[in-house]
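The numbers in our numbering rise by one with no breaks, and the one at position 161 of the sequence shown is 257.
Glycine residues also receive a C-beta, built at the ideal position from the N, C-alpha and C atoms.
Accompanying notes for the structure given below.
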Amino acid sequence: MIEIAILGYGVVGSGVAEFCEINRETIKRRAGAEINVKKILDIRSFPGDPFADRITADPDEIFNDPSITVVVETIGGVGIAYELSCKALQNHKHVVTSNKELVATYGPELMALAQANGVNYMFEASVGGGIPIIRPLHKCLSANIVMQIAGILNGTTNFILTRMDQDGIGFAEALSETQALGYAEQNPAADIEGTDACRKIAILASITYSEYIDSRLIYTEGITSLTTADMTYAARLGCKLKLIGRFKRRADGRADLIVAPMLIPRDHPVSVADGVNNAILVEGNALGEAMF
Numbered sequence: 097m098i099e100i101a102i103l104g105y106g107v108v109g110s111g112v113a114e115f116c117e118i119n120r121e122t123i124k125r126r127a128g129a130e131i132n133v134k135k136i137l138d139i140r141s142f143p144g145d146p147f148a149d150r151i152t153a154d155p156d157e158i159f160n161d162p163s164i165t166v167v168v169e170t171i172g173g174v175g176i177a178y179e180l181s182c183k184a185l186q187n188h189k190h191v192v193t194s195n196k197e198l199v200a201t202y203g204p205e206l207m208a209l210a211q212a213n214g215v216n217y218m219f220e221a222s223v224g225g226g227i228p229i230i231r232p233l234h235k236c237l238s239a240n241i242v243m244q245i246a247g248i249l250n251g252t253t254n255f256i257l258t259r260m261d262q263d264g265i266g267f268a269e270a271l272s273e274t275q276a277l278g279y280a281e282q283n284p285a286a287d288i289e290g291t292d293a294c295r296k297i298a299i300l301a302s303i304t305y306s307e308y309i310d311s312r313l314i315y316t317e318g319i320t321s322l323t324t325a326d327m328t329y330a331a332r333l334g335c336k337l338k339l340i341g342r343f344k345r346r347a348d349g350r351a352d353l354i355v356a357p358m359l360i361p362r363d364h365p366v367s368v369a370d371g372v373n374n375a376i377l378v379e380g381n382a383l384g385e386a387m388f
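Structure (structure tokens):
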């Protein structure tokens with residue numbers, strides 16, 4: 097049996113715990129071992145919750161427990177999440193995260209720390225939601241020179257742009273609807289200003305470029321200035337406006353990165369992804385083009 101701990105019991109953390117139980121037998125069959133959520137770290141109490149007896153406010157109950165070999169970080173941000181991730185790795189525990197801000201900021205340091213302690217730092221879920229993209233780039237396409245990665249990396253902004261395109265509503269109305277449906281946070285700045293997509297393309301580019309790329313150096317433009325008139329003009333050109341994160345390898349070998357709204361032909365595979373869906377196009381010198 098593999099004993100795991102979850103750091104944080106919000107939407108993501110509780111979802112991880114829930115599906116570890118729901119899919120217990122499937123996981124056991126495929127992984128060859130049963131996974132058990134032994135501890136959950138959160139300063140809040142959750143009376144009546146199915147996992148209430150496993151929740152602790154003391155991180156040392158996790159880090160000092162040799163039976164716990166995997167820690168799932170779902171706290172978010174780069175403060176306490178960074179500190180606890182470091183402590184977990186230093187205590188020879190594998191760390192799994194979907195925290196794209198943490199990976200984009202401290203990824204190389206955390207991977208080096210993991211290697212030094214004989215464990216893994218895994219972050220497949222930090223880009224693309226449920227789309228497997230990081231492992232294919234790192235492993236399956238390692239013999240390719242990746243020339244370009246481009247795509248829709250943020251479901252919130254894609255939903256907003258889809259509503260503006262298909263239903264002719266303005267940005268503010270589309271944003272309010274997105275928040276009401278739970279697709280956007282009450283403070284949606286990281287999404288609508290392009291910061292979230294910027295962090296994600298920085299992660300993908302760093303993997304394929306084999307060199308750390310600082311997301312803060314990438315030109316980033318969000319969707320807040322787009323209007324229904326922009327959508328109309330795009331349609332007349334046979335295009336859609338999509339917020340695209342793009343990495344291109346220049347002829348001199350240098351990396352060119354940008355995040356911005358771009359005109360995409362309506363029949364292009366990336367353009368077909370509407371609503372909260374993501375779509376990522378990868379071009380390799382041997383592979384050609386592949387969609388994820």
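Under the three-state DSSP convention, the category residue i falls into
i, result
"Pro155", "coil"
"Phe267", "helix"
"Ala129", "coil"
"Ile248", "strand"
"Ala351", "strand"
"Val167", "strand"
"Arg140", "coil"
"Ala356", "strand"
"Arg120", "helix"
"Val108", "helix"
"Arg332", "helix"
"Ala386", "strand"
"Phe147", "coil"
"Ala101", "strand"
"Arg259", "helix"
"Ala369", "coil"
"Ile376", "strand"
"Ile241", "coil"
8 Å contact criterion, which residue i and residue j should meet: CB distance rounded
i, j, result
"Ile319", "Ile288", "6 Å"
"Ile279", "Val372", "A quick correction: the sequence has Tyr, not Ile, at residue 279. So it is a contact: roughly 6 Å between Cβ atoms."
"Ala369", "Asn254", "7 Å"
"Asp161", "Ile151", "Going by Cβ atoms, the distance from Asp161 to Ile151 rounds to 15 Å, so no, they are not a contact pair."
"Thr274", "Thr252", "6 Å"
"Leu383", "Leu237", "6 Å"
"Val174", "Leu198", "5 Å"
Nonlocal neighbours in the same chain, by C-beta distance under 8 Å from residue i, ignoring five residues either side
i, result
"Met218", "His190, Val191, Val192, Thr193"
"Phe44", "Any property of residue 44 remains undetermined from this structure, which presents the chain solely from 97 to 388."
"Lys296", "Lys196, Ala200, Ser222, Val223, Gly224, Leu249, Asn250, Gly341"
"Thr323", "Gly266, Phe267"
"Asn124", "For clarity, residue 124 is Lys in the given sequence; the question names Asn instead. These residues qualify, in order along the chain: Glu130, Ile131."
"Leu209", "Cys182, Leu185, Gln186, Tyr217"
"Leu271", "Ile256, Ala280, Pro284, Ile288"
Close-in-space but distant-in-sequence residues of the same chain around residue i (CB under 7 Å, 5 per side omitted)
i, result
"Arg362", "Gly334, Cys335, Lys336"
"Thr165", "Ile98, Glu99, Lys189, His190"
"Asp326", "Leu337"
6 Å CB neighbourhood of residue i in its chain, flanking five on each side removed
i, result
"Ile309", "Ala298, Ala301, Ser302"
"Ala386", "Val378"
"Thr304", "Leu233, Val242"
"Gly109", "Ile102, Thr170"
"Ala375", "Gly247, Ile248, Val366, Ala369"
Fully enclosed by the segment 187-238, which beta strand (DSSP E) runs are 3 residues long or longer?
-> 190-193
Is the number of C-beta pairs between the segment 239-248 and the segment 373-385 that are closer than 8 Å three or more?
-> yes
Specify whether the segment 344-359 and the segment 314-331 touch according to this definition: at least 3 beta carbon pairs, one from each stretch, less than 8 Å apart.
-> yes
Residue ranges of each alpha helix (DSSP H) run of no fewer than 4 residues wholly in the segment 264-329, ordered along the chain?
-> 267-276, 285-288, 291-305
Just checking, does the segment 108-116 make contact with the segment 125-138 on the three C-beta pairs under 8 Å criterion?
-> yes
The segment 218-228 touching the segment 255-264, judged by at least three CB pairs closer than 8 Å | no
Are the segment 99-108 and the segment 166-178 touching by the rule of at least three beta carbon pairs closer than 8 Å?
-> yes
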